[in-house]
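There are 2 protein chains.
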Amino acid sequence: MTTRGILVLIALLASAGTRGETVAGATSPGQVLSVQVAIDEGRASYSVQRFGEPVIAPSRLGFLLRNTEKLERNLSLVEQSASSFDQTWEQPWGENRYIRNNYTELRVRFAETIKLKRSFVVVFRVYDDGLGFRYEFPDQPALKDVIIEDELTEFVVVAPATAWWIPGGEWNRYEYLYLKTPLDEVTQAHTPMTIRTDDGLHITLHEAALVDYASMWLRRAEGQRFRAQLAPASEGWKVRRSAPFNTPWRTLQIADSAGGLYESNLILNLNEPNALGDVSWFKPAKYAGVWWEMHLDTSSWATGPRHGATTANAKRQIDFAAENGLRGVLVEGWNIGWDGDWFGNGNNFDFTKATPDFDLEGVAAYARRKGVHLVGHHETGGAVSHYEKQLGPALDLYARLGVDVIKTGYVADAGQAERNDGEVDTDGTEVVKREWHDGQWMSRHHLKVVTEAAKRHIAINPHEPIKDTGLRRTYPNWVTREGARGMEYAAWGNPPNPPEHELNLVFTRMLAGPMDFTPGILSLQGRGQPVQTTLAKQLALYVLIYSPIQMVPDLIENYAKHVDAFQFIKDVPTDWSETHILNGEVGDFVTIARKDRNSEAWYLGSGTDENGRVIEVPLHFLDAKKSYIAEIYRDGAKAHWKTAPFEFVVEERKVSSADTLTIRLAAGGGQAIRFVPVR
Amino acid sequence: MTTRGILVLIALLASAGTRGETVAGATSPGQVLSVQVAIDEGRASYSVQRFGEPVIAPSRLGFLLRNTEKLERNLSLVEQSASSFDQTWEQPWGENRYIRNNYTELRVRFAETIKLKRSFVVVFRVYDDGLGFRYEFPDQPALKDVIIEDELTEFVVVAPATAWWIPGGEWNRYEYLYLKTPLDEVTQAHTPMTIRTDDGLHITLHEAALVDYASMWLRRAEGQRFRAQLAPASEGWKVRRSAPFNTPWRTLQIADSAGGLYESNLILNLNEPNALGDVSWFKPAKYAGVWWEMHLDTSSWATGPRHGATTANAKRQIDFAAENGLRGVLVEGWNIGWDGDWFGNGNNFDFTKATPDFDLEGVAAYARRKGVHLVGHHETGGAVSHYEKQLGPALDLYARLGVDVIKTGYVADAGQAERNDGEVDTDGTEVVKREWHDGQWMSRHHLKVVTEAAKRHIAINPHEPIKDTGLRRTYPNWVTREGARGMEYAAWGNPPNPPEHELNLVFTRMLAGPMDFTPGILSLQGRGQPVQTTLAKQLALYVLIYSPIQMVPDLIENYAKHVDAFQFIKDVPTDWSETHILNGEVGDFVTIARKDRNSEAWYLGSGTDENGRVIEVPLHFLDAKKSYIAEIYRDGAKAHWKTAPFEFVVEERKVSSADTLTIRLAAGGGQAIRFVPVR
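Protein chains in written order, with numbering that gives the first Met the number 0: chain A, 0 to 678; chain B, 0 to 678.
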């Protein structure tokens, strides 16, 4: 339902504390947030208030353009309109089946009053729990081929705040430990960046629908004033587009609690609806594979005596998957190109040729007979043009073999991809350009892979990816990705992932979308260093770190040693009809309850950082008309991530929605619960 | 049920990071908290761990004594025993009907190894949500008359923390705005002092069972090291007692959330059981009265044309109370002594003689006929010995008139009471000593009034009192008190109570016990300054600020102007069978649900500081088998404490325990809900 023509009462906004003259404004449906647009000596800005108090101070809008004057001065407001929207839509898979999209939209058109008289539109969508805005560049004589030198969008946070962030524009992509600093000590951050004001307000800055545009980093200009810093193209500019086009949405999720940020659906709502139609061919599922052994360095990706991707090893994983109800099996290192120095040197990869010791056809047939599906693997080593050249045949091969999920990889040197457009230098050598993993060129590449895969009913799971901006709504075969320090850093990271790591992820990286974190290392053992969690926390991660495909990555023999804990991994689904954040603080702890999409069972995960906690959890999310058996997997009385990580108890209790559970989490611990309705 | 003889495994504690040698230890029933006792070169200390991580670093135990050597050095542990205790007891009235008292007790006896060879006992009671410890002085030849010069008990908080506190040892007793500072910037604080570590752990330092002893202030020695600073007696020492005796319990409530602190029953549990027997003669209730008009300065306590306590005015309040189901009527200024400068000059008060314009007997009879009970009033002006001389006859008079609750008052100069033991100077003048409002002498005075009143079935409500340390468990006629900035500061305070005030109170002052805050100023109007809340928040305070007697203090004509809001005040009870803190942060916001002790109705109060908030509140506390009508009193869409405090909506919704309410609180706002089961 869309109601057009809601009149915005500018008079009410005149005293809203904006810089210059307030020329437009809009308020969220529940009168929580409002945005004001002002013009000050020809320069445009926006500001945000919550319950009448300023949250974002007047912040500039505009662009520096190449080969023409900047689009920032001599502006006047020439048109504005407001509307409201309220719709509930259904996800094919996800944390929630139904999502409400309820906002007030404000469209404002600015035009230059002199010279080129160019114009652009800014569209604001104001929700009770956040807002997004984007620029729209209409087709116009003075602005056809647009080269964005810099986007000038600002975000000025009013209240003193603390930030959780990773550095943007660094060599190791998104694979950094989260920093917690005063907001005014951030240098340049990736998004999502989550902040908490001293008043307890939680804000996450991010973007939605990053299509054919450069990623936004947040560069601090001064104090708590941030500017959109776009990832540069190899040509030096940031973005090149032909009008008409839109930028991604710049987003601010704003909530009283950390959980409120997580429960916001702003990012998905700002993306376009499903463009693929029926995607029921994608099956959320768990998968095993030949992977962790390479991170332990007991197997190798390269061929030779330690080669992991042998026919025999793959069949062993297929047997394991079949026995335990896991749909998929990933085999890394199955193809030609891994011998020698492949890291950042991916031009030797052949995406259609298996190594001699890996019978791809035979393994695929064996899997089929066992009811298991191979998960494909395309590591590019950053040689992206090289990969694109083979993309069609590579996808066709997998499609023929029944592979319907592919894990791609971009372990590129310095976080930059190799781009080769066929251009040759004067001396006849190929021109190889370096593109940021999150620049405009890579944003195109990823969507190319996703759309080509979709044609073949294949889902994509990129590692070392571009960040998630909610495009899974439009392309539901872009099912998950990495894009943060995953479990392999527990194996060999220096430092390894600390106990707080996943509690940072939930309220930062996970606000972007699903992550293929690969939890479930029940051995708690990396490469000469322990995993810094308790056993129970490994189980909880299956609920806490959402992904529609979840790996079961530990060595088969390690699951055999923990039959009691492994039962939870066998039971836990990867597709949900409802998700509730029951409590949590950024970087400290969280408890999440999710309902299985395919049954009446509920699952709960709770995890903490290096501090033990006692949390009262009312079970109100359960169906009040049912009784449940709670299968509880918890830390033992003396459990501690450092001194007693294997202290572990499994027990059952009969519970109902009226009960309150006391959840005791050891230092670095967790708890996982399956609630099964009593027939 | 008591299980004696739990063996404490000292070996396990050896590496617990205590100073010196760990000689004893105990762990809470749920293995959450543990305490270790150590001796280091003859000096004793304790430390506290939570989930194996240090919370309180080694902190000294001991005393400086007058006329003898200090009791702190050359100590050895000569005896220890441990036991566990688990019992549920019933309150005659309160926030909860049943309270569980489940702890591990550790008793350690220290003795001097040389010279006087004195000994003392320290008893620790370790709960999952806190601990208390006290000193026991056995009768012994070298320690009979004990004069405590200083208590040397320390509290060394490990993690960097923020504190909410009011200054201890200042002239205006407890009537200060709460300060929020880094813990290492506290100077000297009253208890309860609440702190939150940077890791999110919440700790409240306080004391329990303050009987015949001086109150403890917390003086910061250095960094985050605090020492018990006892309120001094006029003689210069702090406490004088004869052995055997016990000190009050030094308490630490420790919880992951602010709500966890509030839900802790540590303070009540550490007090002795009910010493009065059947106290069903005390009736929790609301009361109206002649009071707010004096704070508005439209009436006076003194006689004359503006005298508030006239027969006619009292009868008007009695009529109002009778019409609206309020049990009590308070009439301040009814007795002789208010003319002239009574502030800190209370020797003119006569507690049995009414002013000529107030027919006490007639008013009492009128009230009886209307089914209303007068609430007595004894203002001392700080002349405490003077009051004690009249105490018997004053109580007898009230008992004869059917007065069963008395509000006492101690508006003393410089926070100190006048004490006159009958001693005269060499020149024949009376010797008047000045005693701290919270010193040992006043602790005796308050208990004398309470026990004398109990004999006559009268309950006591002291204003400008000694702090609450849970003695209502032992003396259930000590029903409430002031002991913080109440609503009168909204009338004339400079500055007035800010929007955050009550949110500070809930997690500091209210951890001590009930407060006669006198909410419900629906006019939102003080003496030339507005009350800094919305209308809805005034209603919420009846749920948020617990007291078994609650005033309905605004002018009668103001309630007539707000008939819709007044309905909630008429409905809300003052005695509860259950209390649940649904969410909250110290100084920011809180939501509390309480169940009426005398019906199946539930009440919810939610309030916020100067920041508006949206809070999701699952109604899990409701009976899952019932449906309810929720009578919702909330802030209107444009409400704001400063600009639109009267924006207010009353609405009804049918709800059940499976529902989740979205509670929208305006800046400085609140919400009150009554849940009535549908028949």
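The beta-carbon is built from N, C-alpha and C at its ideal position, and this holds for glycine as well.
Keep in mind the model is a prediction, meaning the values are calculated, not measured.
Kindly say whether residue i, judged by its beta-carbon, lies nearer than 8 angstroms to any beta-carbon of chain A.
i: PRO617(B); result: yes
i: HIS445(B); result: no
i: ILE672(B); result: no
i: ALA636(B); result: yes
i: ASP127(B); result: yes
Chain A partners of residue i, CB-CB under 7 angstroms?
i: ASP183(B); result: Simply none; closest approach about 18 angstroms.
i: ILE614(B); result: ASP255
i: ARG49(B); result: GLY611
Name, please, each residue of chain B whose Cβ falls closer than 8 angstroms to the Cβ of residue i.
i: GLU584(A); result: GLY199
i: LYS666(A); result: The residue asked about is misnamed: residue 666(A) is Ala in this sequence, not Lys. Those are PHE50, GLY51, GLU52, listed as they occur along chain B.
Between the Cα of residue i and those of the options, spot the shortest distance and give me the residue it belongs to.
i: TRP477(A); options: GLN35(A), LYS179(A), LYS388(A), ALA452(A); result: ALA452(A)
i: PRO91(B); options: GLY482(B), ASP277(B), VAL120(B); result: ASP277(B)
i: ILE591(A); options: GLY258(A), PHE342(A), GLU40(A); result: GLY258(A)
i: MET486(B); options: GLY41(B), GLN531(B), HIS639(B); result: GLN531(B)
i: GLU89(A); options: PRO475(A), HIS619(A), MET441(A), TYR627(A); result: PRO475(A)
i: TRP170(A); options: GLY381(A), SER442(A), ASN557(A); result: GLY381(A)
i: PHE132(A); options: GLN139(A), ARG72(A), ARG65(A), VAL47(A); result: VAL47(A)
i: VAL383(A); options: ALA363(A), ASP349(A), LEU400(A); result: ASP349(A)
i: GLY604(A); options: TRP575(A), SER626(A), PRO547(A), TYR541(A); result: TYR541(A)
i: LEU217(B); options: VAL34(B), GLY167(B), LEU265(B); result: GLY167(B)
i: PRO181(B); options: TYR173(B), VAL156(B), TYR175(B); result: VAL156(B)
i: TRP248(A); options: PRO494(A), ALA208(A), ALA232(A); result: ALA208(A)
i: LYS653(B); options: ALA629(B), TRP640(B), VAL121(B); result: ALA629(B)
i: THR246(B); options: ALA539(B), ARG117(B), VAL145(B), LYS179(B); result: VAL145(B)
Determine, for residue i, whether the minimum Cβ-Cβ distance to residues of chain B falls below 8 angstroms.
i: ALA623(A); result: yes
i: GLU52(A); result: yes
i: HIS680(A); result: Nothing can be reported for residue 680(A), as the shown portion of chain A is limited to 0 through 678.
i: ASP211(A); result: no
i: ALA13(A); result: Residue placement at ALA13(A) is poorly supported in this model, since its pLDDT is 38, which falls under 50; the coordinates still yield a value, given next. No, its Cβ sits nowhere closer than 8 angstroms to a Cβ of chain B.
i: LEU660(A); result: no
So which residues on chain A does residue i lean against when the C-beta distance must stay under 8 angstroms?
i: VAL31(B); result: GLY611, VAL613, ARG663
i: ASP85(B); result: Ordered by position in chain A, no residue passes the 8 angstroms Cβ test against ASP85(B), which lies about 15 angstroms from the chain.
i: ALA657(B); result: HIS619, ASP622, ALA623, SER656
i: ASP587(B); result: ASP198, GLY199
Give the range of the alpha helix (DSSP H) segment to which residue i is assigned.
i: HIS294(A); result: 291-294
If you follow the beta strand (DSSP E) that residue i is in, where does it begin and where does it stop?
i: GLY327(B); result: 327-330
i: VAL37(B); result: The residue you asked about is not Val; residue 37(B) is Ala in the sequence shown. Its beta strand (DSSP E) spans residues 32-39.
i: MET550(B); result: 548-550
i: LYS116(B); result: Note, LYS116(B): premise wrong, no beta strand (DSSP E); not H, not E.
i: ILE98(A); result: 97-111
i: VAL675(B); result: 669-676
i: TYR627(A); result: 627-634
Output, in chain order, the set of chain B residues within a Cβ distance shorter than 9 angstroms of residue i.
i: ASP318(A); result: Simply none; closest approach about 41 angstroms.
Run through chain A and tell me which residues come within less than 9 angstroms of residue i, C-beta to C-beta.
i: HIS639(B); result: PHE50, GLY51, GLU52
Give the list of continuous beta strand (DSSP E) stretches no shorter than 3 residues that lie fully inside the segment 343-427 of chain A.
Taking 3 residues as the shortest admissible run, the segment 343-427 of chain A contains the following complete beta strand (DSSP E) segments, listed from N- to C-terminal end: 349-353, 372-378, 404-408, 415-418.
Let me know the beta strand (DSSP E) ranges lying completely inside the segment 166-219 of chain B, each 3 residues or longer, listed in chain order.
178-181, 192-196, 201-207
At which residue ranges does the segment 448-503 of chain A contain complete alpha helix (DSSP H) runs of 4 or more residues, listed in the order of the chain?
487-491
Starting from the N-terminal side, write out each stretch of the alpha helix (DSSP H) that is 4 residues or longer and does not extend beyond the segment 216-281 of chain A.
257-262, 265-268
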